[in-house]
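In the working numbering, each residue carries its 1-based index in the sequence shown increased by 2.
Glycine included, C-beta positions come from ideal geometry on N, C-alpha and C.
Right, one structure below, let's go through it.
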Amino acid sequence: MSDHPMSNVVEAVLLAAGRPVTVEQIQELFEERERPPAEDVLAALEGLAQRYEGTGIELREVASGWRVQVRPQYSDIVSRLWQERPSRYSRALLETLALIAYRQPITRGEIEDIRGVTIASTIMRTLHERNWIRVVGHREVPGRPELLSTTRDFLDYFGLKSLDDLPTLAELQDLEDINEQLDLPGPPTVVEPVALPPPAAQDEETAAELDEMLDDESAADDEDEDRPQPDAPTLVASPPGDSER
Numbered sequence: 003m004s005d006h007p008m009s010n011v012v013e014a015v016l017l018a019a020g021r022p023v024t025v026e027q028i029q030e031l032f033e034e035r036e037r038p039p040a041e042d043v044l045a046a047l048e049g050l051a052q053r054y055e056g057t058g059i060e061l062r063e064v065a066s067g068w069r070v071q072v073r074p075q076y077s078d079i080v081s082r083l084w085q086e087r088p089s090r091y092s093r094a095l096l097e098t099l100a101l102i103a104y105r106q107p108i109t110r111g112e113i114e115d116i117r118g119v120t121i122a123s124t125i126m127r128t129l130h131e132r133n134w135i136r137v138v139g140h141r142e143v144p145g146r147p148e149l150l151s152t153t154r155d156f157l158d159y160f161g162l163k164s165l166d167d168l169p170t171l172a173e174l175q176d177l178e179d180i181n182e183q184l185d186l187p188g189p190p191t192v193v194e195p196v197a198l199p200p201p202a203a204q205d206e207e208t209a210a211e212l213d214e215m216l217d218d219e220s221a222a223d224d225e226d227e228d229r230p231q232p233d234a235p236t237l238v239a240s241p242p243g244d245s246e247r
């Protein structure tokens, strides 16, 4: 076993990686003869989480692994390190993303039927460019429209471990709250699309609640251009790059 304390090694790995890292990936960094068991790595992670309590950073488990990040309450101040101010996504984009997240898999036509307006091409392009949504199949109806679902990058960016961590519709009193409920710090990571387990079947009451919430919203700023939001700050070993990965 290495002479270095496990918690120090794990902390160094997370800071240097600048992206989520799994327990298995941490184990593979060791020589085979000194590779620690998963239980030891998890214990080190738990120790780090406790050590960070009351500080400006936190250890969070997301879909792609574990990462160290700035606590949400300090992200506004830390973001001033970068001259470019993050832009907020339009209501139309958030409505579209919410429908895909809560009703997946869903077609573009079904989203338009619920919202009552055509989805601007810039919205779909932004969601695809951010790798927040992906095509998982086709609806077996005339025209075979694409079925859309969220990706692991979507979960990572918004600080979610799984779809079960999405805020309930009762918590989203207004769609503008999505920015506050989901806008957790942590840049999207570039990974190959992976198959996500199908979300739990949504009951009729939840579906009706979402439909009612969206029916009450106006269709304003559908034509607004949605620019990709700059990466929120995360704690890494080197300064973040200027370009989006």
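- CA-CA distance, residue 135 to residue 35, rounds to 41 Å.
- Look at residue 117 here: in three-state DSSP terms it is helix.
- It is roughly 16 Å from the alpha-carbon of residue 57 to the alpha-carbon of residue 78.
- With contacts defined as CB atoms closer than 8 Å, residue 29 and residue 43 qualify as a contacting pair.
- Judged by pairs of C-beta atoms under 8 Å, the region 105-116 does not touch the region 57-70, as fewer than three such pairs exist.
- Look at the beta carbons and you see the region 94-102 touching the region 122-137: at least three pairs across the two are nearer than 8 Å.
- Residue 70 and residue 47 do not touch by the CB rule: their CB atoms are close to 10 Å apart, not below 8 Å.
- According to the DSSP secondary-structure assignment, residue 63 is paired through a beta bridge with 68.
- Within the same chain, Cβ atoms closer than 6 Å to the Cβ of residue 146 are found at 140, the five residues on either side in sequence being excluded.
- Taking the Cα of residue 138 as reference, the smallest distance to any Cα among 109, 22 and 82 is reached at 109.
- Linking residue 20 to residue 92 through their CA atoms gives a straight-line distance of about 28 Å.
- For the alpha helix (DSSP H) assignment, the uninterrupted runs of no fewer than 4 residues enclosed by the region 95-141 are, from N- to C-terminal side, 110-117 and 123-131.
- Spanning the alpha carbons of residue 163 and residue 24 requires a straight line of approximately 12 Å.
- Under the DSSP assignment, residue 83 falls outside any beta strand (DSSP E); it carries neither an H nor an E label.
- Here residue 83 is exposed, its C-beta having fewer than 16 other C-beta atoms within 10 Å.
- Rounded to the nearest whole angstrom, the C-alpha separation of residue 154 and residue 143 is 28 Å.
- By the criterion of a C-beta distance shorter than 8 Å, residue 40 is surrounded in its chain by 25, 26 and 29, once the five residues flanking it on both sides are discounted.
- Rounded to the nearest whole angstrom, the C-alpha separation of residue 122 and residue 50 is 44 Å.
- The beta-carbon separation of residue 59 and residue 94, rounded to 34 Å, does not stay under the 8 Å limit for a contact.
- In summary, residue 31 is exposed, with fewer than 16 beta-carbon neighbours lying within 10 Å of its beta-carbon over all protein chains present.
- Burial state of residue 120 is exposed, judged by a 10 Å Cβ sphere holding fewer than 16 other Cβ atoms.
- Of the other Cβ atoms in all chains shown, 16 or more fall within 10 Å of the Cβ of residue 38; this residue is therefore buried.
- Distance from the CA atom of residue 54 to the CA atom of residue 72, rounded to whole angstroms, is 11 Å.
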